[in-house]
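Asks:
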């Protein structure tokens with residue numbers, strides 16, 4: 051009997067529907083409809099197949115030993131899969147499968163949008179997007195009107211109106227971006243869930259499409275790039291529209307705001323140290339399992355080594371279990387992670403925090419004044435900033451709250 055206490059040599063195991071994909075010498079396996087996946091060696095996948103065909107744990111161990119000369123602990127494999135919710139029954143006893151993956155827009159079925167991933171359709175969409183972008187740029191260059199720039203964001207003399215407009219347009223673009231990820235993932239048969247999260251000091255919307263790991267690479271890349279394609283399309287349409295509108299008019303100025311914010315959204319995706327869309331593309335193409343997590347662990351390990359008599363002196367590197375190719379990728383990404391994080395935190399301390407404090411101070415002063423226009427302006431700023439701060443705080447707590455509670459509990463128990 052193994053550590054789980056329930057798996058014997060004569061135990062028979064049944065599995066729920068499992069999605070899988072062969073990746074080199076490993077197989078990525080996960081329960082269909084869930085967010086949990088694991089990478090196993092090929093022999094592990096063969097063991098699952100034998101168990102699924104009705105062989106007992108002991109029989110599978112004997113067959114593998116006879117075929118390869120090596121005896122693996124199949125009971126331990128089953129126990130691991132049980133902990134991940136990937137085992138439906140053991141000896142006829144049903145096991146809890148864990149909560150199903152959260153799904154946004156559950157009424158949207160894969161059959162509704164599967165056509166989007168057909169190769170001819172993808173090629174047609176790519177050609178159409180390229181033509182749209184080139185046409186928009188050509189007309190904008192030839193038009194006798196202002197080209198979109200950072201100054202375009204200040205489209206009105208009313209500060210609160212500028213802020214409110216940017217928030218509405220910016221978050222609309224973000225939701226369209228995430229909807230593109232969600233719809234493309236659904237076309238690949240992945241449920242997907244859209245929610246809020248934090249990356250460093252930034253509040254972000256993000257789509258959980260973990261199930262895409264079992265899909266073919268062409269589908270995975272299509273999902274990862276879907277949001278950027280939508281940004282590019284919306285930005286090009288806004289730029290194209292600005293060339294057909296009267297320069298200086300409100301519609302023209304709003305079109306320029308949309309174009310600038312869409313371009314900004316595209317630029318942000320290049321910050322791969324924050325797990326952006328480009329990060330997932332790099333992780334996939336480099337065949338890394340958990341590029342951010344491995345790099346973060348390696349950074350902490352290096353940090354402990356800098357401390358005299360630090361714990362890392364007695365530790366093995368967290369990269370020791372990786373292949374040489376993946377170790378090189380992780381080390382290179384670690385340099386980007388440390389540099390990018392440092393720059394972002396420095397920018398927040400030097401620019402964003404003082405700006406935010408100044409903005410809030412100005413809003414409070416405006417509300418305290420007797421001028422109706424100033425009061426309204428201040429209330430709008432406070433409402434927008436308060437809403438964003440509330441959402442950011444909830445998202446941050448959802449991601450980090452359990453760690454904080456654990457540390458508080460450990461500190462209390464050590465007294």
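Residue numbers (the working numbering): 51 to 465.
The beta carbon of each residue, even a glycine, is placed where N, CA and C say it ideally should be.
Small disclaimer: the values here were computed from a predicted structure and weren't measured.
For residue 435, which three-state DSSP category applies?
Replies: DSSP places residue 435 within a helical segment (H, G or I) once states are collapsed to three.
Asks: Excluding five sequence neighbours on each side, which residues of the same chain lie with their C-beta closer than 8 Å to the C-beta of residue 459?
Replies: none
Asks: With DSSP as the reference, label residue 452 as helix, strand or coil.
Replies: helix
Asks: Between 187, 216, 429 and 189, which has its C-alpha nearest residue 201's C-alpha?
Replies: Comparing C-alpha distances from residue 201 to each of 187, 216, 429 and 189 shows the shortest one belongs to 216.
Asks: Using CA atoms only, rank isn't needed, just tell me which of 280, 210 and 301 is closest to residue 226.
Replies: Comparing C-alpha distances from residue 226 to each of 280, 210 and 301 shows the shortest one belongs to 280.
Asks: State the DSSP-derived secondary structure class of residue 53, mapped to helix, strand or coil.
Replies: Low confidence applies to residue 53: its pLDDT is 43, below 50, so where it sits in the model is not reliable enough to give any reading.
Asks: What span of residues does the beta strand (DSSP E) with residue 71 cover, start to end?
Replies: 68 to 73
Asks: State the Cα-Cα distance for the pair residue 401 and residue 395, rounded to the nearest angstrom.
Replies: 10 Å
Asks: The alpha helix (DSSP H) that contains residue 262, what's its start and end?
Replies: Counting along the chain, residue 262 falls outside any alpha helix (DSSP H), and DSSP gives it neither H nor E.
Asks: Who are the Cβ neighbours of residue 426 in its own chain at under 8 Å, not counting the five residues just before and after it?
Replies: Only 210 meet the Cβ criterion.
Asks: Straight-line CA distance for residue 142 to residue 65?
Replies: 11 Å
Asks: Please work out which residues of its chain come closer than 8 Å, Cβ to Cβ, to residue 53, disregarding the five sequence neighbours upstream and downstream, and give them in chain order.
Replies: With a pLDDT of only 43 at residue 53, under the threshold of 50, the placement of this residue in the model should not be trusted; the figure read from the coordinates follows. So the list reads 126 and 129, once near-sequence residues are dropped.
Asks: Can you give me the C-alpha to C-alpha distance between residue 78 and residue 391, rounded to a whole angstrom?
Replies: 30 Å
Asks: Could you name the residues of the same chain whose beta carbon sits closer than 7 Å to that of residue 416, not counting the 5 residues immediately before and after it, in chain order?
Replies: 424, 425, 427 and 428
Asks: Taking only three categories from DSSP, how would you classify residue 282?
Replies: helix
Asks: In whole angstroms, what separates the C-alpha of residue 413 from that of residue 257?
Replies: 34 Å
Asks: Does residue 422 come out as helix, strand or coil in the three-state DSSP assignment?
Replies: helix
Asks: In or out: residue 378 buried (at least 16 other Cβ within 10 Å) or exposed?
Replies: exposed
Asks: Measuring alpha carbon to alpha carbon, tell me which of 325, 99 and 272 ends up nearest residue 91.
Replies: 99
Asks: Assign residue 198 to one of two classes, buried (16 or more other C-beta atoms within 10 Å of its C-beta) or exposed (fewer than that).
Replies: The residue is buried, with at least 16 neighbouring Cβ atoms inside 10 Å.
Asks: Pull up the CB-CB distance for residue 253 and residue 442, whole angstroms please, since I reckon it's below 8 Å.
Replies: 4 Å
Asks: What span of residues does the alpha helix (DSSP H) with residue 236 cover, start to end?
Replies: Residues 209 to 237.
Asks: Could you name the residues of the same chain whose beta carbon sits closer than 8 Å to that of residue 113, not counting the 5 residues immediately before and after it, in chain order?
Replies: 100 and 105
Asks: Taking just the CA atoms, how far does residue 159 sit from residue 170?
Replies: 21 Å
Asks: Assign residue 327 to buried or exposed, taking buried as 16 or more other Cβ atoms, counted over all protein chains shown, within 10 Å of its Cβ.
Replies: buried
Asks: What does the alpha-carbon distance come out to for the pair residue 240 and residue 325?
Replies: 20 Å
Asks: Checking the sheet assignment: what are the DSSP bridge partners for residue 91?
Replies: Partner(s): 76.
Asks: In whole angstroms, give me the CA-to-CA distance for residue 263 and residue 115.
Replies: 30 Å
Asks: Based on the DSSP output, what are the partners of residue 245 in its beta bridges?
Replies: 256
Asks: For the alpha helix (DSSP H) that contains residue 62, what are its first and last residues?
Replies: That residue, residue 62, is in no alpha helix (DSSP H); it is neither H nor E in DSSP.
Asks: Closest to residue 9 by C-alpha separation, out of 165, 348, 453 and 63, would be which residue?
Replies: The first residue shown for the chain is 51 and the last is 465, placing residue 9 beyond what the model contains.
Asks: When DSSP labels each residue in this structure, what does residue 106 get in the three-state scheme?
Replies: strand
Asks: Might you give, ordered along the chain, the residues of its own chain that have their beta carbon closer than 8 Å to the beta carbon of residue 97, omitting 5 neighbours on each side?
Replies: 110, 114, 122, 124 and 127
Asks: Please look up how many angstroms separate the CB atoms of residue 313 and residue 291, rounded, as I've assumed it's under 8 Å.
Replies: Between residue 291 and residue 313 the Cβ distance is about 15 Å, and since that is not below 8 Å, they are no contact.
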